[in-house]
Amino acid sequence: MRLALCPGSFDPPTLGHLDIVVRAAALFDEVVVAVATNHAKSPLLPAQRRADLLHEVLAATDVGERVRVVLLDGGLLARQAADLGAVAVVKGVRTASDVEHETPMALMNRRLTGVETVLLNADPAWAHVSSSLVKEVASLGGDVGALVPPPVARALAEALCSQAGPASR
Ligand code: PNS
């Protein structure tokens, strides 16, 4: 049983994220999607909400039975990967700067516990899609319906609406 860990902030999960998880499930027997609290970012959606959304949308895919969603414990990713028995961390990369960003983390994680990192090139259809841009477009009134699954689009609209406060409703 070869298990892969797909970590990320997923704030919010996008169709690009789903593509990476589904492709990881084609390479590994089981995939654990780990929702991180990135202390460098201030999230729009609470971590549990992001995890629930991922669970909902992944359960509806062909690989849903081999994918589970957990919250990262806030400690070392490499340690949690080892504790789960993961043979690899899988991440998507869209650009050369993504590769530059991920490479030192991949080498550090391997040094820490021996866990390997597999970087999957983003499908060109999603190469321009990031959670940050999705939030920006949605917050400026743009349509993100083709970039995120429908439950995520609804959650995003609700979160942006409550963030804007009662005066905007
Ligand atoms: O979706 P994001 O925000 O790019 O996800 C980044 C995340 C949380 C996966 C990344 O920051 C990470 O791997 N954090 C783990 C913290 C850690 O173990 N750091 C030390 C060794 S690299």
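In this note's numbering, each residue's number is its place in the sequence shown (first place is 1) plus 26. Glycine included, every Cβ here is placed at the ideal spot set by N, Cα and C. Everything numeric in this text was worked out from a predicted model, so none of it was measured.
- Under DSSP, residue 30 forms a beta bridge with 57 and 114.
- The secondary-structure analysis by DSSP pairs residue 135 with nothing; it has no beta-bridge partner.
- Here the distance from the Cβ of residue 135 to the nearest heavy atom of the ligand PNS is below 7 angstroms.
- Taking a cut-off of 8 angstroms for Cβ pairs, the stretch 32–51 and the stretch 173–180 touch, as three or more such pairs fall below it.
- Note on residue 37: 16 or more other CB atoms within 10 angstroms of its CB, so buried under the neighbour-count rule.
- The stretch 149–164 makes no contact with the stretch 56–64, as fewer than three CB pairs between them are under 8 angstroms.
- The beta carbon of residue 118 is closer than 6 angstroms to those of 46, 146 and 148 in its chain, skipping five residues each way along the sequence.
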